[in-house]
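Sequence positions in the sequence shown follow our numbering and run 60 to 422.
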Amino acid sequence: MKLLDTYKLGELELENRMVMAPLTRARATDNIPNDLMLEYYVQRSGAGLIISEGTAPSANGLGYARIPGIFSAEQLEGWKKIVDAVHDNGSRIFLQIMHTGRVSHEYNMEKDARIIAPSAVALDGEMYTDQHGPQPYPVPEVMNLEDIKKAQQEFLNAAKNAIKVGFDGVEIHSANGYLADQFLNTATNKRNDEYGGSIENRSRFTLELAEMISAEIGKERTGIRLSPFSTFNGTEVFDEMEEQFLYLTDKLNELGLTYIHLVDNSTLGSPEVQTDLPKKIRERFDGTLMLNGGFTKEKAENTIQEDSADLISFGRSFIANPDLVYRFENDLELNEPDYDTFYTPGEKGYVDYPFVEKEETVA
60 MKLLDTYKLG ELELENRMVM APLTRARATD NIPNDLMLEY YVQRSGAGLI
110 ISEGTAPSAN GLGYARIPGI FSAEQLEGWK KIVDAVHDNG SRIFLQIMHT
160 GRVSHEYNME KDARIIAPSA VALDGEMYTD QHGPQPYPVP EVMNLEDIKK
210 AQQEFLNAAK NAIKVGFDGV EIHSANGYLA DQFLNTATNK RNDEYGGSIE
260 NRSRFTLELA EMISAEIGKE RTGIRLSPFS TFNGTEVFDE MEEQFLYLTD
310 KLNELGLTYI HLVDNSTLGS PEVQTDLPKK IRERFDGTLM LNGGFTKEKA
360 ENTIQEDSAD LISFGRSFIA NPDLVYRFEN DLELNEPDYD TFYTPGEKGY
410 VDYPFVEKEE TVA
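This is the structure:
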């Protein structure tokens with residue numbers, strides 16, 4: 060089975076081609092990585108590569124309740140314990156840098172933090188807060204050029220901090236309607252300066268991030284997540300979408316990033332990807348292509364066999380099956396995820412999913 064074969068990601072040797080997708084789990088009390096999170100990641104260290112949950116590069120990026128950051132000494136110390144433990148258990152781990160932008164609420168943030176975005180367009184719906192339950196999304200402040208440069212520097216500092224504590228690399232989160240994707244998408248970017256109005260301008264924020272970070276920590280340690288044709292967090296499908304993502308691909312290829320992590324959100328309610336865009340991205344990008352989006356073992360294996368991707372990331376399957384790799388190896392039944400505990404505090408639905416009793420399996 061190719062899915063379980065080793066794979067060379069840049070200079071890293073991965074034990075298999077199965078990746079644990081970045082998964083917000085909201086267990087970081089006071090936004091500090093803790094021992095409960097350490098147990099969670101170690102349980103899932105059978106994955107060839109783990110991509111951490113979305114991690115804020117600054118106080119302004121802390122949009123959700125109980126998500127971790129990587130900008131304070133306590134946060135760095137907490138992540139270092141997790142990274143060391145994952146390495147001791149044979150896996151590799153990248154940090155996903157996620158600035159939530161407008162997907163935020165002041166109750167989930169530090170006192171002087173700001174909710175900022177490319178344009179003053181509020182997200183419909185409500186954001187959960189621990190203090191007051193669901194609250195309407197606020198109208199974000201429009202980022203001026205100084206804000207843009209500061210946010211980019213925060214991403215860069217987060218990447219440097221990640222390498223300092225031992226992460227094998229970082230993933231720039233430019234997907235799913237968070238800050239970098241808010242610049243890419245016409246529903247959230249109404250600017251008419253150099254960061255809006257055209258394919259090149261909407262792509263500028265993300266490409267500058269990729270260039271800065273890869274120059275600082277190495278292109279072989281820098282990946283990126285993209286979600287074309289997604290409508291997650293109030294983004295939209297727009298006329299130039301395919302052209303924009305092919306433009307991005309060409310520029311990212313020139314920078315030599317180690318991977319593109321392409322998300323298909325159709326299993327979560329976004330429109331089906333009706334074009335052969337993933338195939339075109341595959342043809343135009345020389346690095347590793349990772350795909351995500353409701354993959355079963357069979358679909359993942361077929362995708363690898365057909366050379367449509369190099370790596371497959373699994374989200375909900377890894378939530379419910381800490382020993383997912385072992386289950387795939389032995390064709391064993393999977394646990395079903397408990398959706399009610401995805402974002403709740405504590406151990407339930409986090410570190411208490413059952414492992415297979417290995418002595419019960421037939422060699």
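Ideal Cβ positions, reconstructed from N, Cα and C, are used throughout, including at glycine.
| field | Bounding residues of the alpha helix (DSSP H) (the contiguous stretch that carries residue 279) | value | Counting along the chain, no alpha helix (DSSP H) covers residue 279, and no H or E run does either.
| query | If we count the other Cβ atoms within 10 Å of its Cβ and call it buried at 16 or more, is residue 416 buried or exposed? | reply | Answer is exposed; the Cβ neighbour count stays below 16.
| request: Below 7 angstroms CB to CB, which residues in the same chain sit around residue 140 once its five sequence neighbours on both sides are set aside? | output: The residues are 97.
| Cα-Cα separation, residue 104 to residue 366 | Looking at the two C-alpha atoms, the distance is approximately 25 angstroms.
| For residue 123 versus residue 88, is the C-beta distance shorter than 8 angstroms? | Contact flag unset, no.
| task | Please state if the CB of residue 161 and the CB of residue 176 are separated by a distance shorter than 8 angstroms. | result | Result yes, Cβ atoms of residue 176 and residue 161 sit closer than 8 angstroms.
| task | Look up residue 413 in the DSSP assignment and say whether it is helix, strand or coil. | result | Assignment of residue 413 by DSSP, reduced to helix, strand and coil, places it in the coil class.
| query | Helix, strand or coil for residue 198 per DSSP? | reply | Three-state DSSP puts residue 198 in coil, outside helix and strand.
| How many angstroms separate the CA atom of residue 336 from the CA atom of residue 311? | Rounded to the nearest angstrom, the two C-alpha atoms are 16 angstroms apart.
| Of the residues 138, 200, 107 and 347, the one placed nearest residue 308, counting alpha carbons only | Comparing C-alpha distances from residue 308 to each of 138, 200, 107 and 347 shows the shortest one belongs to 347.
| field | For residue 351, three-class secondary structure by DSSP | value | The answer is strand: DSSP assigns residue 351 an E or B state.
| field | Between the CA atoms of residue 153 and residue 62 - distance to the nearest angstrom | value | Spanning the two alpha carbons is a distance of roughly 20 angstroms.
| field | Host alpha helix (DSSP H) of residue 228 (start-end) | value | Here residue 228 belongs to no alpha helix (DSSP H); instead the beta strand (DSSP E) covers 228-233.
| query | Below 8 angstroms between beta carbons: does that hold for residue 284 and residue 200? | reply | No, these two residues do not count as a Cβ contact at 8 angstroms.
| query | Among residues of its own chain, excluding the 5 on either side of residue 117, which ones have a beta-carbon nearer than 6 angstroms to its beta-carbon? | reply | The beta carbon of residue 117 sits closer than 6 angstroms to those of 130 and 213, all from its chain and outside the five residues before and after it, given in chain order.
| field | Assumed close pair residue 227, residue 121 - CB separation to whole angstroms, cut-off 8 angstroms | value | Between residue 121 and residue 227 the Cβ distance is about 24 angstroms, and since that is not below 8 angstroms, they are no contact.
| task | Hey, could you find the ends of the alpha helix (DSSP H) residue 377 is sitting in? | result | If you look at residue 377, you'll find it in the alpha helix (DSSP H) that goes 375-379.
| query | Between residue 135 and the rest of its own chain, which residues show a CB-CB distance below 8 angstroms, the 5 nearest in sequence each way excluded? | reply | Excluding positions up to five away in sequence, the list reads 129, 220, 223 and 224.
| request: Run the CB neighbour count on residue 190, radius 10 Å, all protein chains shown included, and call it buried at 16 or more, exposed below. | output: Here residue 190 is exposed. Its C-beta has fewer than 16 other C-beta atoms within 10 Å.
| message | Let me confirm a value: residue 234 is counted as buried when at least 16 other C-beta atoms fall within 10 Å, else exposed. Which label applies? | response | Flag for residue 234 reads buried.
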